[in-house]
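Here is the structure we will look at, set down as structure tokens.
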Amino acid sequence: MMTALPATGRAWHLVARPHGWPRPGDVELRDVPVTAPGEGRILVRNRYFSVDPYMRSRMNDVKSYVAPYELDRPMEGGAVGEVIASGSDRFAVGDQVLHGLGWREFSEVSAEHATKVDPSRAPLSSYLGVLGSTGLTAYAGLFEIASFQEGDAVFVSGAAGAVGSQVGQFARLKGASRVIGSAGSDEKVKLLVEEYGFDAAFNYKDGPVREQLKAAAPDGIDVYFDNVGGEHLEAAISRLNLHGRVTICGMISQYNSTEPPAAPRNLALVIGKRLRIQGMIVTDHLGLRPRFVEDVAGWLASGELKYNETVVEGVENGFDAFLGVLRGDNTGKMVVSLDG
Ligand code: NDP
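Numbered according to our numbering, the sequence shown spans residues 11 to 350.
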């Protein structure tokens, strides 16, 4: 017998396109009807949803690799939850699934766009982070895009965040000669060195990145994994060795900017140093998932890989959690819990 469905659930809607930093008036948490799933679809009671920096660019009405959020519609993003009604023979009530219609309490999803996950193997929220899209971003960006080789010296910015904390540890586990990270607080810097095993780390708010990176990487770097852009990218270009490689994963320092960035001003160095700078989008690398899961699940089980999550409780705090990622409130993956 099917349990009665709730009549409504809350969902975050974009109601205005932000200029610069998003403001509370740009979004609204609205009650929307909860409907039984159609043929080939499932209804999910979400337990966690993800708030990610890339969502800021989906709030702009610009052509990009992913469609902008529509005004007056619920926003989207990664979420995990429990199937509470199923119109698909692929999923039963009680299954836990990962899907892409987050930012809301209940999601009616096409079964084709949902993946079963096993909460007995790893905590449910980790399928959004270390075992999910952010972990895969780190893995693909380091091993495929930057062509990481044993012995490389690696610098990663945003190093205490979801992607960055994995990049540094993957490099260490695969034999980097030196792993250097930058982050925005002394606590984060301490975590990088003491918990994640980075060889050196610095707080980019303490002084020019160029000088701090030079001190942390006296022999230069071979790989730069960029989550930040701007001054960080300029400093890395200066510090890269011959045939160095750069993965451009993100440029969070300019997501809320209303002016073009001042840096990097030293791109001409790319020529003499024969640098390779390449952008990436994680969804191009889904074929790596089986290898990624095998490696990461193994490192987690052996205790060699650590991760943190910052969990914000309650759907009503979802937008502030998103702003928190842009401000740097998080250590590791930021998720919103709806379990309370
Ligand atoms: P994080 O968990 O790293 O959170 C974002 C972090 O960025 C904050 O915690 C903050 O940490 C830091 N930050 C914010 N503003 C600045 C600034 N002005 N300068 C330096 N650091 C800043 O997020 P994710 O791990 O999810 O994402 C990291 C990056 O990877 C983002 O740029 C994102 O867009 C990108 N990304 C790209 C993907 C792709 O396919 N290309 C996929 C997933 C993510 P702090 O306290 O250190 O300042």
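Even glycine gets a Cβ: it sits at the ideal position worked out from N, Cα and C.
query                                                                                                                                                         : result
Going by C-alpha to C-alpha distance, which of Gln288, Ser248, Leu183 and Ala102 sits closest to Gly50?                                                       : Ala102
Going by the DSSP bridge assignment, what does Glu319 pair with across the sheet?                                                                             : Lys343
Whole angstroms are fine: how far does the CA of Arg55 sit from the CA of Val93?                                                                              : 6 Å
Verify whether the separation of the beta carbon atoms of Val44 and Pro84 is less than 8 Å.                                                                   : no
Roughly how many angstroms separate the alpha carbons of Leu111 and Ile231, rounded to a whole number?                                                        : 39 Å
Using a Cβ-Cβ cut-off of 6 Å (strictly less than) and excluding sequence neighbours within five positions of Asp77, which residues of its own chain qualify?  : A small fix is needed here, since residue 77 is Ala in this sequence, not Asp. Same-chain partners within the cutoff: there are none.
Report yes if the C-beta distance between Val280 and Gly145 is below 8 Å; otherwise report no.                                                                : no
Can you give the beta carbon distance from Phe116 to Leu53, rounded, assuming they're within the 8 Å contact cut?                                             : 6 Å
Excluding the 5 residues flanking Arg286 on each side, which residues of the same chain have their C-beta closer than 6 Å to its C-beta?                      : Arg255
Given 8 Å as the limit, is there contact between the stretch 124–141 and the stretch 222–231, that is, 3 or more CB pairs closer than that?                   : no
Could you tell me whether the Cβ atoms of Ile258 and Asp236 are closer together than 8 Å?                                                                     : yes
Once DSSP output is grouped into helix, strand and coil, what is the label at Ala163?                                                                         : strand
Would you kindly work out how many angstroms separate the C-alpha atoms of His23 and Arg40, rounded to a whole number?                                        : 7 Å
Can you give, in chain order, each stretch of the alpha helix (DSSP H) that sits fully within the stretch 50–110 and has at least 4 residues?                 : 64–68
Taking DSSP's pairing of strands, which residues face His295 in a bridge?                                                                                     : His295 pairs with nothing; no bridge assigned.
Evaluate contact between the stretch 321–332 and the stretch 168–185, counting only Cβ atoms and requiring at least three cross-stretch pairs below 8 Å.      : no
Is any non-hydrogen atom of the ligand NDP found closer than 7 Å to the C-beta of Gly191, if you look at the structure I gave you?                            : no
State the start and end residues of the unbroken alpha helix (DSSP H) segment that holds Ile247.                                                              : Glu241 to Arg249
Kindly identify the DSSP beta-bridge partner or partners of Gln288.                                                                                           : Thr257
Roughly how far, in whole angstroms, is the beta-carbon of Leu108 from the beta-carbon of Arg57, given that I think they are within contact range, below 8 Å? : In fact, because the Cβ distance is near 11 Å, the residues do not count as touching under 8 Å.
Using the Cβ count rule (16 or more neighbours within 10 Å means buried), how would you classify Val219?                                                      : buried
What residues match up with Thr18 in a beta bridge as DSSP calls it?                                                                                          : Pro43
Specify the secondary structure class of Asp236 as computed by DSSP and reduced to three states.                                                              : strand
If you measure between the beta carbons of Ala245 and Asn213, is that distance less than 8 Å?                                                                 : no
Taking buried to mean at least 16 other C-beta atoms within 10 Å of its own C-beta, is Ala5 buried or exposed?                                                : Past the edges of the chain, shown from 11 to 350, lies residue 5, and the structure says nothing about it.
Check Gly328 in the structure and name its three-state DSSP category.                                                                                         : helix
Which whole-angstrom value describes the C-beta separation of Ala150 and Leu298, a residue pair presumed to lie in contact below a C-beta threshold of 8 Å?   : 5 Å
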